[in-house]
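The opening residue of the sequence shown carries number 0 in numbering that gives the first Met the number 0; numbering runs sequentially from there.
Quick reminder that beta carbons are idealized off the backbone N, C-alpha and C, glycines included.
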Amino acid sequence: MSLPARVALRLAIVLALVLIAGALFTVAAFFTARAVYEPQLPPVEAVRELPLQVPLRIYSRDGKLIGEFGTQRRIPLAYDEMPEQLINAFIAAEDARYFVHPGVDWRGILRAAVNLAMTGERSQGGSTITMQLARNYFLTRERTYDRKIREIFLALRMEEVLSKQQIMESYLNKIYLGERAYGVGAAARVYFGVPVEELSLSQMAVLAGLPKAPSRDNPANNPDRARERRDYVLGRMLALDFIDQERYQAAREEAILVTPEEYTVELDAHYVAEMVRQEMVARYGEAVYEDGYEVVTTIDSAEQIAAVKAVRSNLRQHSARTGYSVDRPRVPEAVRTALDGDKLPQSAVAAIRELAPLAGLVRAVVRRHEAEGMALFLEDGQPVRLTADSYSWAEFGSQRLQPGALVYVRDAAGNEGAAPLPENHRPDWQLAAEPKAESALVALSPQTGAIRALVGGYDFFNGRFNRVTQAERQPGSAMKPIIYAAAFDQGYTPASVIIDAPIVMEDYALEDKWRPRNYSGKFYGPTRLREGLVHSRNIVSIKLLRAIGVETGRDYATRFGLPEARMPNNLSLALGSPVFTPLEMARAFAVFANGGHLVTPYFIAEIREAAGETLESAESAPLCENPQPAYFETLVETPLPEMDPATPGAVEPALTPLPAPEPTEASDQARPDCSPRTVNPRVAWMLSDMMRDVASRGTGARAGRELGRRDIAGKTGTTNDEADAWFVGYQREVATAVWMGYDQPQRLGYGEGGSRAALPVWIDFMRTALAGVDEGIPSRPPGLTDVRVDPESGLLAHPESTEVVFETLPEELIPRMEAQRQEQRDDSSALDALY
């Protein structure tokens, strides 16, 4: 062997030994590093779970989305739901050997090491999809050797416990793609407004080009850069034989059009969504924003749409009745200078959209206002014209709106509550009166307490104050049925007579005398309690409360769930001077509707975790068949009201407290999960019977007339100076409270009482709530009987009397009333004998 040959052999041996030593060293270093780092890695269970940060989503009971809370937009997809070419696009862009390597691409790492040795610069080469997923889930993005080593070992562990399909599914659901979109499902809708299965090849390539720099490369921020990245991804797909030349060329020629799907809820129930959000955070903490909880509420979508429309429409009508001012806010100068064109430029459109929006209304700018009509630019820059007939309610007279004035218009078809409009719908624009006052509506099931519809104000986004649960306002005459119920429990009846005559009492708070009046300013003499409630006579209610005692009235009101702490300890209680929320009033009237049971309102029907498993499910408490004894303790008889003996028919009512219903062997009274009966069922039935008269011929007669039903009951309420207007009413299936007023109390307007301001809201809502519900009055409880009553005295009528009314009264009171009638006849006969 020649010398050169021997030298070459020796060099080869040395090189081999070096390589072997290097390999041994590398293997030793690898296992040593693994021994050091592996204990610091997340447990296998955490790797297997790989949870997604999915926002809290809230739905109506029929599946309509009403709210979503979370910092990330995410639509999780299963691997089988992802198009094959979308997966290929990400493989081409990020990891061509994905289905070959064990989680770490050693070739890529070697290239990165050589680059470091030759240039002294670190690069991100060799970061596989698995390694990216490991970093995104468990590690920071800091570029250090320590983090890279952890990333390698974590990727290897993930490949040991997860399949390639599971890793790809997690990666494509997890990866951040800009615009708050996490995962391809959300990104497809954020950028292109379509689900992933409808993406074109070009759009798939755009998304696959985003992971390296999602904020810089996305088509919304940088269309040119997005096009460069798309073309790169398409080129890689062509090189890897994922697509052919023809498809490659067609995709490159396709324009990149960003058409984002704006986040919109399917149902306008923002106040309910916020209530759920607060409740979920209270139960589960801040994790609710990313753990994928789904909450199904008790809200009925059709009724919610009707509630929103009723509240908004009637607030606008109230504003129209109180006048439309020509002193309108002015838009910015940049808009006014563009009014002469055929269409507003985008700069002017942007300026208008900076102005305050109002739910259900569209902002517009006046171009010209003439006697025959009004020319406007809508907030999107489109010109429209209104005829004078479409805003005749505004009564401009000789006055005109100035060019550049900001107004609001609405589509006559309306879309409050997210109600869908027909396809190809052409808006019929009308001038709208912006609401000046506020309103609230809540409807619940009297049988269960489930809230079916809730509107806390005109526009949630103009202030999140929820007037249903937070506005404590005086109910006015809507309090009277509860005072009457307390009196009926003491032995008064619908036939009992009170003298409606002036009274004067000392008011120590004002250091003056109190001279209460009826709303009409008149006095009506002897008045049966039925007529006193039907026509909402204030004097009758005050005398009735004085007869049973204020403390008795306050205590009895708590049986309806009304907090005693907010009730005054004086006779103004009879006129509704305490303060309650609309929800509290709806709950109180539900007691009448269900025969005396106090239900607990609730709005969450079901809570599901991300995997779909039910965590909590609300089961409404059944109505107890028998009363809780504590609610039926014998009441102390109180002094009778002062009667004027010279007044015909001034007969003292019999004060015999009604006995509680007798428990049976099947009593539910010991059940802690049932809704207790807190009011005698006969009392509840008699008050309902009287309030059906309110809704047919009394202060709420418009309800019966417009709805055409005889089974609805309720009571109007109006406070001093018409600052608060109420209607609280019910049918056996639904109890609804409506309030209207100003957040800072002031007069709603002359004549704007409960029957004019609040009742129309209630009627408009109940049209939908009672659609398809059979008419029917709850059956009469045992112990009540029909009798003929003298309308003047309230006592049993003489068999030969022709002037009679029929009443339904407790059986045990009939003998006393008969005795009183006989005493009256005997007294009359004695007087006749004297003269």
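Nearest neighbour of Lys-714 by Cα position, chosen from Gly-322, Gly-697, Pro-780, turns out to be Gly-697.
For Gln-202, the secondary structure class from DSSP, reduced to helix, strand or coil, is helix.
Secondary structure at Pro-101: coil, using DSSP grouped into helix, strand and coil. Out of Asn-679, Ile-482, Leu-64, Ala-207, the CA that lies nearest to the CA of Glu-293 is found in Leu-64. Rounded to whole angstroms, the Cβ separation of Val-264 and Gly-102 is 41 Å, and the two are not in contact under 8 Å.
Shown here for Asp-785: same chain residues with a beta carbon closer than 7 Å to its own, the five before and five after excluded, namely Phe-805, Thr-807 in chain order. In this structure, the alpha-carbon of Ala-585 lies about 8 Å from that of Gly-728. In this structure Val-275 touches Ile-57 by the C-beta definition: roughly 5 Å separates them, less than 8 Å.
In this structure, the CA atom of Ser-201 is about 59 Å from the CA atom of Asp-672. Partner residues in the beta bridge of Val-788, as assigned by DSSP, are Leu-795, Val-804.
Taking 9 Å as the cut-off, the beta carbon of Ala-694 is found no closer than this to the beta carbon of Ala-589. Comparing alpha carbon positions, the residue from Ile-603, Ile-166, Leu-161, Pro-680 closest to Gly-595 is Pro-680. Counting only runs of 4+ residues, the alpha helix (DSSP H) found wholly inside the region 550 to 624 occupies 581 to 592, in chain order. The Cβ atoms of Val-195 and Gly-177 do not sit closer than 9 Å to each other.
Beyond the five residues adjoining it in sequence on each side, Thr-526 comes within less than 7 Å, by CB distance, of Val-496, Ile-497, Asp-499, Arg-536, Val-539 in the same chain, given in chain order.
Contact between the region 446 to 464 and the region 347 to 366 is present: three or more C-beta pairs spanning the two stretches fall below 8 Å. Contact between the region 732 to 751 and the region 709 to 723 is present: 3 or more CB-CB pairs across the two stretches fall below 8 Å. Scanning the region 330 to 368 from its first residue to its last, the whole alpha helix (DSSP H) runs of 4-plus residues come out as 332 to 335, 345 to 351. Straight-line spacing of the CA atoms in Arg-704 and Pro-434 works out to 27 Å. By a beta-carbon distance limit of 8 Å, Ala-592 does not contact Ile-541. Their separation comes to about 26 Å. DSSP places Asp-79 in the helix class (H, G or I) of the three-state scheme.
Taking Ser-214 as the centre and dropping the five residues before and after it, the same chain places the C-beta of Gly-177, Asn-220 closer than 8 Å to its C-beta, in chain order.
Looking at the backbone, the Cα of Gly-748 and that of Val-307 are separated by about 23 Å. Distance from the CA atom of Pro-259 to the CA atom of Val-287, rounded to whole angstroms, is 26 Å. The residue among Gly-560, Tyr-491, Gly-552 with its C-alpha nearest the C-alpha of Pro-567 is Gly-552. Comparing alpha-carbon positions, the option among Gly-716, Ala-363, Glu-811, Ala-757 lying closest to Asn-517 turns out to be Gly-716. When DSSP states are grouped into helix, strand and coil, Tyr-741 belongs to the coil group. Where Phe-68 is concerned, the enclosing beta strand (DSSP E) starts and stops at 64 to 68.
Secondary structure at Leu-405: strand, using DSSP grouped into helix, strand and coil. Bridge pairing for Asp-710: absent [DSSP]. If you draw a straight line from the Cα of Tyr-601 to the Cα of Asp-290, it comes to about 23 Å. In the structure shown, Pro-210 falls within a coil segment according to DSSP collapsed to helix, strand and coil. The DSSP-derived three-state label of Tyr-288 is helix. Judged by DSSP in its simplified three-state form, Ala-442 adopts strand.
With 16 or more other Cβ atoms inside 10 Å of its own Cβ, Leu-55 counts as buried.
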